[in-house]
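Below is one structure; the comments refer to it alone.
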Amino acid sequence: MTLKVHYFTDPQANTLEVLRSNLGTGIQLSTGKEIPHQAAYQVLINGTPTRQHLDASPHLNTLIIPYAGVPEATRNLLPEYPQLKVYNLHHNAAPTA
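Count along the sequence shown from 1, then add 32; that gives the number in the working numbering.
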């Protein structure tokens, strides 16, 4: 089974290369600041997700916020998504994602 992850950023090529080289074979990573067409990601990595990002994929079950703290707007949205597992990584760096 493949785990589909969308990293909501436009990483530099070398950062993306390092990230992909450290992923397991069962992880399919997409990146970009646009929601993928026919989004099917299970994991969303996004520091400031909107309702549109959270609603885009019917398979979304995990949200990773790769910055210190959860933005107020996100905290206000989360009660509407009780099925989501939310992880906040307290580092301000792309390698956290």
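C-beta: ideal position from N, C-alpha, C; glycine also. The model shown is predicted, which means the values in this text are computed figures rather than measured ones.
Next item on the list: Indicate the three-state DSSP secondary structure (helix, strand or coil) for His38 in the structure shown.
Entry: strand
Note to self: Please classify Asn78 as buried or exposed, where buried requires at least 16 neighbouring CB atoms within 10 angstroms.
What the structure shows: buried
Notebook entry, point to check: Looking at the unbroken alpha helix (DSSP H) that takes in Thr47, where does it start and where does it end?
Noted result: Counting along the chain, the alpha helix (DSSP H) containing Thr47 begins and ends at Ala45 to Ser53.
Margin query: When you compare the segment 58 to 65 with the segment 91 to 107, are there three or more beta-carbon pairs, one atom per stretch, that lie closer than 8 Å?
Written below: no
Item checked: First and last residue of the uninterrupted beta strand (DSSP E) at Asn63 -> According to the sequence shown, residue 63 is Thr rather than Asn. Looking at the DSSP string, the run of the beta strand (DSSP E) that includes Thr63 is Ile59 to Thr63.
Next item on the list: Pull up the distance between the alpha-carbon of Leu76 and that of Gln84, whole angstroms please.
Entry: 12 Å
Check: Smallest Cα separation from His13: which of Ala71, Pro103 and Gly56?
Finding: In the structure displayed, the chain extends from 33 to 129; residue 13 sits before or after that span and is not available.
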